[in-house]
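So for the sequence shown, the numbering used here puts the first residue at -6; every next one is plus one.
Idealized CB from N, CA, C, for every residue including glycine.
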Amino acid sequence: MGRLASAFPALASRTFRVFLLSSMIATVGAFMQQTAQGWLVLELTNSAALLGLAGAAAGLPTLFLVIVAGVLADRLDRRRVLIATNAVVGLCALALALLTTLGVVQYWHVLVLALLSGIALTVQMPTGQAVVATVVDRTSIGNAVALNSAQYNLTRIVAPALAGVFIAAGSLALGFWVNAAALGVVVWLLWNLRIPSPHLADRAHAALWLDLQDGVRYVAANRVLAIVVLLPAVPALFVLNYLTFIPIYARDILDTGAIGLGLLTGSIGVGALIGALTLASLRPSGGSGRLMLAGLAVVGSALAVFALSRSLPLSMLALALQGACQVAYYSTTNTLIQVLAPARLRGRILSLYTLTSIGLIPVANLVGGAIAQVVGVQPVLAAGGLLTVGFAALVAIGQPGVARLRAAHLSVIAEV
């Protein structure tokens, strides 16, 4: 037990343990639904463009609302925000489950429910990220981020594979039912959990726009922080749309069907879990700028290999490597922002990070889907992977201060 506590110091916090469990349950449901929904859209439309549009519908609210959500994370009771948003997403999953079970689901139903869920998740994301830094010791933030990433990717192994089995067995709606039930459990866990909201006592009464400006100005004045916050726009635009198009690889390119869909998505989770646990145990302080850039470069390279592969084993290996390096990149980026951001602005700065890392994904889905409809999915993803490698090299050469960042040192000097 002592060795476990030494390797994973964030687990010393009971609040973090319950928060981690609730996040894991929510993620199981989310991946079940994501896998089932992609297959459902492909069955309803048989179109790469419409598959991309469905993925964009869930992400569009992030593009337009996440900055406001960051201000709310610094103003509102974070526990209540998490309860309310999980309840809304759960109700949307329940509606889709009922429509699918009754056999009346239509494509526009999927779009509307994805949009509503996306709005709730947009409000939730900066709040959930800000919670991590308030429930563990500051020196354990990197460990907490990596453990949260580990749970996310552990469920990515199991949930999509199960969803693939359900789809192959003719139980497509079960993925939606699991998500609705999982979010009900999450709401119950969060109901009695004490989550600090440190700014409520001295909540600023400034106008919303002024609060937004404070966060943007702080980032703009710090070049290194600005690069760390803005760099996730690269994988958001050129890499992460591969998740939307995996059903096409499973059905049309690799010819493996629903079982192959689960294997491909699960491979990402296998690699990501290994990467997250390694990062959490060997680099509890959160890593460095050099690790962040190296992770991004390998993510791009692995995507290019996957894009052009026509072999299921090679595709699974490439996705596993990509999953491991995505964890290295995003966990390190998140930790560096957590320790670089002042506590009073953390929600707003994390919302900017969410905007670049997630908010731009619907743009990539829309544009990538439209291009893929003309030239095919493989050239789109291969080009995105190579562009990502180029951007990582450009930052490493042109901004050496980013590569020199070390979270262990920053956690000592960062403003509390």
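Distance check for T325 and A5, CA to CA, integer angstroms please.
Within the sequence shown, residue 5 is the residue found at index 12, counting from 1. Within the sequence shown, residue 325 is the residue found at index 332, counting from 1. Cα-Cα distance, rounded: 21 Å.
Is it the case that the Cβ atoms of A166 and G111 are separated by a distance below 8 Å?
The count along the sequence shown starts at 1 and reaches residue 166 at position 173. The count along the sequence shown starts at 1 and reaches residue 111 at position 118. Not a contact, by the Cβ cut-off of 8 Å.
Below 6 Å CB to CB, which residues in the same chain sit around F384 once its five sequence neighbours on both sides are set aside?
As a position in the sequence shown, residue 384 is number 391, starting the count at 1. Answer for F384: V227, listed in chain order.
Does the distance from the C-beta atom of N358 to that of G48 stay below 8 Å?
Taking the sequence shown and counting its residues from 1, the one referred to as residue 358 is at position 365. Taking the sequence shown and counting its residues from 1, the one referred to as residue 48 is at position 55. Yes. Within cutoff.
Kindly indicate which residue of T381, V171, L380, G394 has the alpha-carbon position closest to the one of T28.
Here residue 28 refers to the residue found at position 35 when the sequence shown is read from its first residue. The residue with the shortest Cα to Cα distance from T28 is V171.
Is the CB-CB distance between A123 and M25 below 8 Å?
The residue you call residue 123 lines up with position 130 of the sequence shown. The residue you call residue 25 lines up with position 32 of the sequence shown. Cβ atoms of A123 and M25: not closer than 8 Å.
DSSP has S281 in a bridge; who is on the other side?
Counting from one through the sequence shown, the residue named residue 281 turns up at place 288. R399, per the DSSP bridge assignment.
Given A3, which residues of its chain have a CB within under 7 Å of its CB, disregarding the five upstream and five downstream residues?
The sequence position of residue 3 within the sequence shown is 10, counting from 1. Apart from sequence neighbours up to five positions away, the residues of its chain that approach A3 with a beta-carbon distance below 7 Å are F9, V129, S133, N136, A137, L140, ordered along the chain.
Contact between the region 74 to 88 and the region 176 to 190 (3+ Cβ pairs under 8 Å)
Verdict: yes, contact present.
Go through its chain and collect everything with a Cβ distance to A143's Cβ below 7 Å, but skip five positions before and after it.
Position 150 of the sequence shown, counting from 1, holds the residue named residue 143. Excluding sequence neighbours, A143 sits near L266, A269, L270, A273.
Proximity of G31 and P240 at Cβ, strictly below 8 Å:
Counting from 1 along the sequence shown, the entry for residue 31 is found at position 38. Counting from 1 along the sequence shown, the entry for residue 240 is found at position 247. P240 sits close to G31, with the two beta carbons spaced by under 8 Å.
Proximity test, L106 beta-carbon vs the ligand NAP heavy atom, cut-off 7 Å:
In the structure shown, the ligand NAP is absent, as is every other ligand, since no ligand is present at all.
Nearest residue (CA-CA) to M285, options L296, A317, G262, V82
Start at 1 with the first residue of the sequence shown, and residue 285 comes out as number 292. Among L296, A317, G262, V82, the Cα nearest to that of M285 belongs to A317.
Quick one: complete alpha helix (DSSP H) runs, 4+ long, within the region 339 to 385?
Fully contained in the region 339 to 385 are the following alpha helix (DSSP H) runs of length 4 or more, in chain order: 339 to 347, 354 to 368.
Under the rule that 16 or more other beta-carbon atoms within 10 Å means buried, what is D491, buried or exposed?
No statement about residue 491 is possible, as the shown extent of the chain runs from -6 to 409 and does not include it.
With 16 other Cβ atoms within 10 Å as the buried cut-off, status of A162:
Counting from one through the sequence shown, the residue named residue 162 turns up at place 169. In the assembly as shown, A162 is an exposed residue. Its beta-carbon has fewer than 16 other beta-carbons within 10 Å.
Neighbourhood of R196 by C-beta, 8 Å cutoff - its chain only, sequence neighbours within 5 removed:
Mapped onto the sequence shown, residue 196 falls at position 203. Confidence at R196 is low in this model, with a pLDDT of 48, below 50, so the placement of that residue is unreliable and no value is reported for it.
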